[in-house]
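Colleague: If you scroll down you'll find the structure; I have some questions about it.
Number of protein chains: 2
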Amino acid sequence: MLPICTLERLCKIFQVLERYELDHIQAVSSRDLEKCIHATSVTIRKDISAIGRVGVTKRGYDVIELKKHIGEHLKLFRKRRACLVGLGRIGGALLEYQTLQDDGFEIIAGFDNNVNKVERMRTDIRVYPVHELLDIVKSHRIELGIIAVPGEAAQKVADQLNKAGIKGILNFSPVGIALPDRVIVENIDFTTALRILAAKMG
Amino acid sequence: MLPICTLERLCKIFQVLERYELDHIQAVSSRDLEKCIHATSVTIRKDISAIGRVGVTKRGYDVIELKKHIGEHLKLFRKRRACLVGLGRIGGALLEYQTLQDDGFEIIAGFDNNVNKVERMRTDIRVYPVHELLDIVKSHRIELGIIAVPGEAAQKVADQLNKAGIKGILNFSPVGIALPDRVIVENIDFTTALRILAAKMG
């Protein structure tokens, strides 16, 4: 298992490579990546070599080859079945986020405790009341849950997802959630992100 | 300067302590924090001791004291003047996010290139067309920019914020942005977050 910080940097490198590929840039050096990843070129080279050998020339890494190398090693090309809990503004924005499908995340179901909202949603994704979460997650073999409910409801939703056997959670709610180690939790908490930013600014 | 990973964990610990304080929990051990932070208790104790001495008893750290200790060291209690560029769904949701003000981030101005949207926004925050960004950021001494525009516009907005002398950027757009080192950039990119999650899930 790679250190978490290495894993995170590799995912960020992957994203930069995607942009380079779109811009038809063929080669990238660890120095080029430095600016986008906010790590030193030494760290970046270490991270890349941590997942095996990959060709590097005087001009740097081949963009397409390095992207494939990282993607395969981190299993980023596998399709993941996901559900979205909470269909408010953040949840609604996520449903519309086009790149999600392209990135291998297939949202199978949406949940909200407002039944009227469930009926009103204009989306191709099936939406259900929250009390059906356990059944739906199990029967559709959903492995990823995206939590976009208010803070006070987050832990309860997380517990339900855990009970349904979910493997990973992306938490957009502003509170941290506590779950057994077998469930991987990634928080997108922009208050914390703003604080990290502020702390780095000094 | 603390290592970035330490800084990030301390900000996450700070957030957990806020929740504990609300729940009237008085003491917290590094073992308790382990579950929320997803780092070992050894790492957590190292991170905390990296910012100076703080009291610890058999029951653990005093929640309020540790929170104050981290907050003061990372200057989290300082008011920061921020602006928001892009008033679409994500930007709109951010404007309504109540905890932002409480957390020391004061949104002084909003920007959008859709002038009709600028006129229609129902918010107490003054909104302007994007071409006024340079003047407004300078004249209001805004130090933080939040980018919530589509990917293809992100770098251009980042360049304008940089030109206006911004110190830090929180980037919600799905593409990475490249800026001189003096500007601190923090990305909230949920595609990357989902990938990190997927990579950790294996």
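Line order of the protein sequences matches chains P and A. The first sequence begins at 140 in our numbering and counts up one residue at a time. The second sequence begins at 140 in our numbering and counts up one residue at a time. Note that beta-carbon positions come from the ideal geometry of N, C-alpha and C, so glycine has one too.
Mapping the DSSP letters down to three states, classify E211(P) as helix, strand or coil.
Modeller: Residue state, collapsed to three classes: helix.
Colleague: Taking Cβ-Cβ distances shorter than 7 Å, what residues in chain A pair up with C175(P)?
Modeller: What C175(P) touches in chain A: G315, A317.
Colleague: Closest to I246(A) by CA distance: which of L234(A), N252(A), N255(A) is it?
Modeller: The shortest Cα separation from I246(A) among L234(A), N252(A), N255(A) belongs to L234(A).
Colleague: What separation, rounded to the nearest whole angstrom, lies between the Cα atoms of I152(P) and T196(A)?
Modeller: If you take the alpha carbons of I152(P) and T196(A), they lie about 42 Å apart.
Colleague: Please determine if the region 310 to 324 of chain A and the region 294 to 302 of chain A are in contact, where contact requires at least 3 C-beta pairs separated by less than 8 Å.
Modeller: Verdict: yes, contact present.
Colleague: Just to check my reading of the structure: R334(P) and C150(A) have Cβ atoms closer than 8 Å, yes? What is that Cβ distance to the nearest angstrom?
Modeller: Correct: roughly 5 Å between the Cβ atoms.
Colleague: Measure the C-alpha to C-alpha separation of F216(A) and E291(P) and round it to an integer number of angstroms.
Modeller: In a straight line, the C-alpha of F216(A) is about 24 Å away from that of E291(P).
Colleague: What residue range does the alpha helix (DSSP H) around V276(P) cover?
Modeller: 272 to 278 is the span of the alpha helix (DSSP H), which, as asked, contains V276(P).
Colleague: Is the beta carbon of L283(P) sitting closer than 8 Å to the one on F250(P)?
Modeller: Not closer than 8 Å, so no.
Colleague: For D171(P), which residues in the same chain have their Cβ closer than 8 Å to its Cβ, ignoring the five residues on either side in sequence?
Modeller: G199, listed in sequence order.
Colleague: Roughly how many whole angstroms lie between the Cα atoms of D186(P) and T145(P)?
Modeller: So the alpha carbons of these two residues sit roughly 6 Å apart.
Colleague: With DSSP as the reference, label I253(P) as helix, strand or coil.
Modeller: One detail in the question is off: residue 253(P) reads as Asn in this sequence, not Ile. In the structure shown, N253(P) sits in coil (DSSP, three-state: anything other than H, G, I, E or B).
Colleague: Whole angstroms is fine: what's the gap from I275(A)'s alpha carbon to R228(A)'s?
Modeller: The alpha-carbon atoms of I275(A) and R228(A) are separated by roughly 23 Å.
Colleague: Starting from G290(A) and walking both ways along the alpha helix (DSSP H), at which residues does that stretch end?
Modeller: Looking at the DSSP string, the run of the alpha helix (DSSP H) that includes G290(A) is 290 to 302.
Colleague: Compare the C-beta of T145(P) against all C-beta atoms of chain A and say whether one is closer than 8 Å.
Modeller: No, no contact with chain A.
Colleague: Using a Cβ cut-off of 8 Å, pull out every chain A residue sitting near A293(P), in sequence order please.
Modeller: Correct list: empty, because the minimum Cβ distance to chain A is about 10 Å.
Colleague: How about V288(P) and G225(P): are their beta carbons less than 8 Å apart?
Modeller: Going by C-beta atoms, V288(P) is nearer than 8 Å to G225(P).
Colleague: I believe T331(A) touches Q154(P) by the beta-carbon criterion, under 8 Å. Please report the beta-carbon distance rounded to the nearest angstrom.
Modeller: Yes, T331(A) and Q154(P) are in contact; Cβ-Cβ is about 5 Å, under 8 Å.
Colleague: Check whether the Cβ atoms of A317(A) and C175(P) sit closer than 8 Å, and answer yes or no.
Modeller: Against a cut-off of 8 Å, the Cβ pair of C175(P) and A317(A) comes out as a contact.
Colleague: Under 8 Å between C-beta atoms, does G231(P) make it to chain A?
Modeller: At least one chain A Cβ lies under 8 Å of G231(P).
Colleague: Output the boundary residues of the beta strand (DSSP E) element that contains R220(P).
Modeller: Unbroken beta strand (DSSP E) run through R220(P): 219 to 224.
Colleague: Anything in chain A within Cβ reach of I323(P), meaning under 7 Å, just list it in chain order.
Modeller: Near I323(P) (Cβ distances below 7 Å), the residues of chain A are L336, K339, M340.
Colleague: I'd like the ranges of any alpha helix (DSSP H) spanning at least 4 consecutive residues and lying wholly in the region 177 to 211 of chain A.
Modeller: 180 to 188, all fully within the region 177 to 211 of chain A.
Colleague: If you follow the beta strand (DSSP E) that L309(A) is in, where does it begin and where does it stop?
Modeller: Taken as a continuous stretch (DSSP letters only), the beta strand (DSSP E) holding L309(A) covers 307 to 310.
Colleague: Sort I308(P), G341(P), R280(P) by Cα distance to I323(A) and report the nearest one.
Modeller: The residue with the shortest Cα to Cα distance from I323(A) is G341(P).
Colleague: Kindly give me the distance between the Cβ atoms of G191(P) and E204(P), rounded to whole angstroms, as I take these residues to be in contact under 8 Å.
Modeller: Their Cβ separation, rounded to whole angstroms, is 12 Å, which puts G191(P) and E204(P) out of contact at 8 Å.
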